[in-house]
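Just so we're aligned: 49 in UniProt numbering is position 49 of the sequence shown, and the numbers increase by one with no gaps anywhere.
Using N, Cα and C, we set each Cβ at its ideal position, and we do this for glycine too.
Quick caveat, the model's predicted, so the values are computed rather than measured.
Right, one structure below, let's go through it.
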Amino acid sequence: MRRVSKFYYHLSQNTAIWKRLLKTINYPLPPVPPTSRHSFARLSGLEVERLITRPLSLELAWDASIPDCYDEWHFDAQYHVKSMVFLPGGQYVVASVSDLSDRDHSVVLWMLDQAGAPVVPLAKTSVSTRAHHLQARYMTVGGRNGIAISFVCRNFKHTSPTNARESRFGPATMDEIGGSPYIAIIRHPNTIIFKNLDGGAISRLTPSPADPGVAQRPHEIMAMRMLPNQNQILTVRRVARRSYVPDEYDFFSLEIFDIPVNLSDVPLDVTSGPVERVFLVEDILKEVNITDHYIPASNDESLNKHVFGTDTRPPRPISIIARCTNHKSENGLFRVTIYPEEVHYDPTIPPPPADVGSRPPSPFDPERGAWYKYSLQTCSPIRFIGAPVDVVYRALPGSYRSIIYTIPSDRCDLMDTTPVVSLKRYWDDECLERPSPEQLSDEAYCSAPRRPLRTIGLDREYKGNMGAIAWDETIGRLCMVTEKSSSVLVLDFAKAPREGEGLFFSIRLLECSMSSGYADPFGRRLPLRLPLQPGLMNDEQDDNGVHVPINYWHVMADVQEQILVDED
Numbered sequence: 001m002r003r004v005s006k007f008y009y010h011l012s013q014n015t016a017i018w019k020r021l022l023k024t025i026n027y028p029l030p031p032v033p034p035t036s037r038h039s040f041a042r043l044s045g046l047e048v049e050r051l052i053t054r055p056l057s058l059e060l061a062w063d064a065s066i067p068d069c070y071d072e073w074h075f076d077a078q079y080h081v082k083s084m085v086f087l088p089g090g091q092y093v094v095a096s097v098s099d100l101s102d103r104d105h106s107v108v109l110w111m112l113d114q115a116g117a118p119v120v121p122l123a124k125t126s127v128s129t130r131a132h133h134l135q136a137r138y139m140t141v142g143g144r145n146g147i148a149i150s151f152v153c154r155n156f157k158h159t160s161p162t163n164a165r166e167s168r169f170g171p172a173t174m175d176e177i178g179g180s181p182y183i184a185i186i187r188h189p190n191t192i193i194f195k196n197l198d199g200g201a202i203s204r205l206t207p208s209p210a211d212p213g214v215a216q217r218p219h220e221i222m223a224m225r226m227l228p229n230q231n232q233i234l235t236v237r238r239v240a241r242r243s244y245v246p247d248e249y250d251f252f253s254l255e256i257f258d259i260p261v262n263l264s265d266v267p268l269d270v271t272s273g274p275v276e277r278v279f280l281v282e283d284i285l286k287e288v289n290i291t292d293h294y295i296p297a298s299n300d301e302s303l304n305k306h307v308f309g310t311d312t313r314p315p316r317p318i319s320i321i322a323r324c325t326n327h328k329s330e331n332g333l334f335r336v337t338i339y340p341e342e343v344h345y346d347p348t349i350p351p352p353p354a355d356v357g358s359r360p361p362s363p364f365d366p367e368r369g370a371w372y373k374y375s376l377q378t379c380s381p382i383r384f385i386g387a388p389v390d391v392v393y394r395a396l397p398g399s400y401r402s403i404i405y406t407i408p409s410d411r412c413d414l415m416d417t418t419p420v421v422s423l424k425r426y427w428d429d430e431c432l433e434r435p436s437p438e439q440l441s442d443e444a445y446c447s448a449p450r451r452p453l454r455t456i457g458l459d460r461e462y463k464g465n466m467g468a469i470a471w472d473e474t475i476g477r478l479c480m481v482t483e484k485s486s487s488v489l490v491l492d493f494a495k496a497p498r499e500g501e502g503l504f505f506s507i508r509l510l511e512c513s514m515s516s517g518y519a520d521p522f523g524r525r526l527p528l529r530l531p532l533q534p535g536l537m538n539d540e541q542d543d544n545g546v547h548v549p550i551n552y553w554h555v556m557a558d559v560q561e562q563i564l565v566d567e568d
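Dropping the structure here:
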């Protein structure tokens, strides 16, 4: 229609038309930054058009027999990229980088959707050593909106190889619990440390043994995800075999625990059992990933509450995806999905009490009427997809859409710079909605083979050693960079309208756009350069000369913080 005449061209760019269409959409839309600038009233026509067209085109590309990207482009990172992670919506990417000599390390923030300008860092902070386990999230800390970035660094008192000892800390997860911003970190092997980023002492949760009969065996937390709607945390734990007992074997469990909240000024230690538990006894899991729920924060002022996780619309299912070996010693991919369950408020039943200093406020609210929670009683059947003998699968997980890449089986224990053999998309209708009770009771359905993998074409130059790779399922954007390279490849599997190409503006439209203060004449919002002042690091070491600080970086227009979360 836009090619018919200028009249239809301008008519198709009318913001009111796209916003009216947006109200009728019933499929998942990409999240946007949780600020009033991205509210329904203040979104531009181009932004609304992108929100609508991207998921539609992504679904078409993902369901094709040979998935292919709509757009492929590069940008120069100016650094060696070690790891990357997207913020929800795929507009911003956070990376752990080093200079070309691999001596100076930093964490940088890039904005990718800025047409007509190169991709440049919006913010950068220096760190003493490489930043591991990057996590990024839109959060509000101290009443101010920003981007929270957590990572783990290793500071050595003496010169030694950086891989000389396993880290005491695992990946962190950040979310809003009881209206406050929280960070949770795994302290190996079996402890979770919680910290309220608005202030206060830490709390430590030590899960009790999975079963009294295995209390003497080592327990290890492999992955976790906070569940803000219910003030709980989902974990995957391993009960390891003892090497001197020949008849023992590893087994795993999915567990949900209440989050302990510390209201005092001293650290709080809690040992408790799970609220729910499911055992997994036939699979050996490695590289466990738990997908995001995309539940918006309570003070979200954007369009997200009209799209994700409101009281009338369920949040996304959560999938646990891992590389595993089954009881037949077959290597492959493991998946189980947890579906949100609608809970109705019953005024005749009083809400559960919240123990002061140990639990967050109850999520039960009479005014909500109904809300959604995750329960292990609403899980999908466990799915296993076998891999060829000479390769293993690694996952870039997503609630609906995941990327699976294969690496040689003899390199599977190396986490960095592994050669990529092939790239595949993972798509299973079971990830979208819960199977019906009739299907779950059907033995043929539960045992039916799953064939959700399809190969994506990959340039030969990116089949070498992969330095970093990141995936955002909401807009279908994949970033890849090879080892010791600064050129980042961006693959967009969703089609989006381009900015500034062939546009015809009337004088009135041009004046309104320029006077709005939020965009240029093409509807583009110029990025705000942030101060590049590195925060201070704690230089204390433990008894072994190694200190592993957990850093929280809150990036805003005029503030940059690093808060050390430790056990002190």
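Put Q230 into one of helix, strand or coil per three-state DSSP.
On the sequence shown, position 230 is the one that residue 230 refers to. Correct three-state label for Q230: helix.
Please list the segments of the alpha helix (DSSP H) lying wholly inside the region 248 to 311, counting only runs of 4 or more residues, in order along the chain.
With a minimum length of 4 residues, no continuous alpha helix (DSSP H) run stays inside the region 248 to 311.
I need the straight-line Cα distance from V108 to A215, nearest angstrom please.
By one-based count along the sequence shown, residue 108 stands at place 108. By one-based count along the sequence shown, residue 215 stands at place 215. Roughly 44 Å between the two C-alpha positions.
Distance, Cα to Cα, V4 vs I456?
Residue mapping note: residue 4 aligns to position 4 of the sequence shown, counting from 1. Residue mapping note: residue 456 aligns to position 456 of the sequence shown, counting from 1. Distance between the alpha carbons of V4 and I456 is about 35 Å.
Could you check what DSSP says for F493 in three-state terms: helix, strand or coil?
Residue numbering aside, residue 493 sits at position 493 when the sequence shown is read from its first letter. In the structure shown, F493 sits in coil (DSSP, three-state: anything other than H, G, I, E or B).
Quick one: Cα of N299 to Cα of V81, how far?
To locate residue 299, count along the sequence shown from 1; it is residue 299. To locate residue 81, count along the sequence shown from 1; it is residue 81. In this structure, the straight-line span from the alpha carbon of N299 to that of V81 is close to 34 Å.
Given V85 as reference, the closest of P171, I66, Q13 once Cα atoms are compared
Within the sequence shown, numbered from 1, the residue matching residue 85 stands at position 85. When each option's Cα is compared against that of V85, the closest is P171.
Using alpha carbons as the reference points, say which of S126, A395, S44, P34 lies closest to L22.
In the sequence shown, the residue the question calls residue 22 occupies position 22. Comparing Cα positions, the closest option is S44.
Looking only at DSSP bridge pairs, what is C393 linked to?
Looking up residue 393 in the sequence shown gives position 393. Per the sequence shown, residue 393 should be read as Tyr rather than Cys. Y393 pairs with T406.
Can you have a look at L100 and say buried or exposed, based on whether 16 or more other CB atoms are within 10 angstroms of its CB?
Within the sequence shown, the letter at position 100 stands for residue 100. Classification of L100: exposed, given that the 10 Å Cβ count is below 16.
Could you say which of M222, H293, S302, T206 lies nearest to V270 if we only look at CA atoms?
To locate residue 270, count along the sequence shown from 1; it is residue 270. The shortest C-alpha separation from V270 is found at T206.
Can you tell me which of W371, F151, S106 puts its alpha carbon nearest to the alpha carbon of P315?
On the sequence shown, position 315 is the one that residue 315 refers to. Checked all of W371, F151, S106; the closest Cα to P315 is W371.
Could you check what DSSP says for L21 in three-state terms: helix, strand or coil?
If you number the sequence shown from 1, residue 21 lands on position 21. Assigned with DSSP and collapsed to three states, L21 falls in helix.
Using C-beta distances below 8 Å, list every residue in its chain close to N289, excluding the 5 sequence neighbours before and after it, in chain order.
The residue given as residue 289 occupies position 289 in the sequence shown. Excluding residues up to 5 positions away in sequence, A223, I320, I321, A322, A395, P397 lie with their Cβ nearer than 8 Å to the Cβ of N289 in the same chain.
Is any non-hydrogen atom of the ligand PLP found closer than 6 Å to the C-beta of S486, if you look at the structure I gave you?
For the ligand PLP, the structure offers nothing, since it holds no ligand at all.
Less than 7 Å between the C-beta atoms of A77 and S422, yes or no?
By one-based count along the sequence shown, residue 77 stands at place 77. By one-based count along the sequence shown, residue 422 stands at place 422. Contact flag unset, no.
For K484, does the three-state DSSP call read helix, strand or coil?
Mapped onto the sequence shown, residue 484 falls at position 484. K484 sits in coil when the DSSP states are folded into three classes, being neither helix nor strand.
Alpha carbon of L51 to alpha carbon of D410, nearest angstrom
Taking the sequence shown and counting its residues from 1, the one referred to as residue 51 is at position 51. Taking the sequence shown and counting its residues from 1, the one referred to as residue 410 is at position 410. So the two alpha carbons sit approximately 42 Å from each other.
Assign H74 to one of two classes, buried (16 or more other C-beta atoms within 10 Å of its C-beta) or exposed (fewer than that).
Translated into the one-based positions of the sequence shown, residue 74 becomes position 74. Its Cβ having fewer than 16 others within 10 Å, H74 is exposed.
Beta-carbon proximity check, G89 vs P30, cutoff 7 Å
Taking the first residue of the sequence shown as position 1, residue 89 is located at position 89. Taking the first residue of the sequence shown as position 1, residue 30 is located at position 30. Closer than 7 Å, so yes.
Reducing DSSP to helix, strand and coil, say where L46 ends up.
Numbered from 1 along the sequence shown, position 46 holds the residue referred to as residue 46. Note: L46 maps to helix in three-state DSSP.
Check whether the region 7 to 17 and the region 277 to 296 are in contact - that is, three or more C-beta pairs closer than 8 Å.
These segments do not touch.
Taking 6 Å as the limit between beta carbons, can you name the residues of its chain near Q91, skipping five residues before and five after?
Residue mapping note: residue 91 aligns to position 91 of the sequence shown, counting from 1. Closer than 6 Å at Cβ, skipping near neighbours: D113.
If you reduce the DSSP assignment to three classes, tell me which class S106 lands in.
Numbered from 1 along the sequence shown, position 106 holds the residue referred to as residue 106. Here S106 carries a strand assignment [DSSP, helix/strand/coil].
Can the beta-carbon of N262 be found less than 7 Å from the beta-carbon of L254?
To locate residue 262, count along the sequence shown from 1; it is residue 262. To locate residue 254, count along the sequence shown from 1; it is residue 254. It is not a contact, given that the beta carbons lie outside the stated cut-off.
Let me make sure I understand the geometry here. Which of I407, E342, D428 has the alpha-carbon closest to that of N465?
Here residue 465 refers to the residue found at position 465 of the sequence shown. Per the Cα distances, I407.
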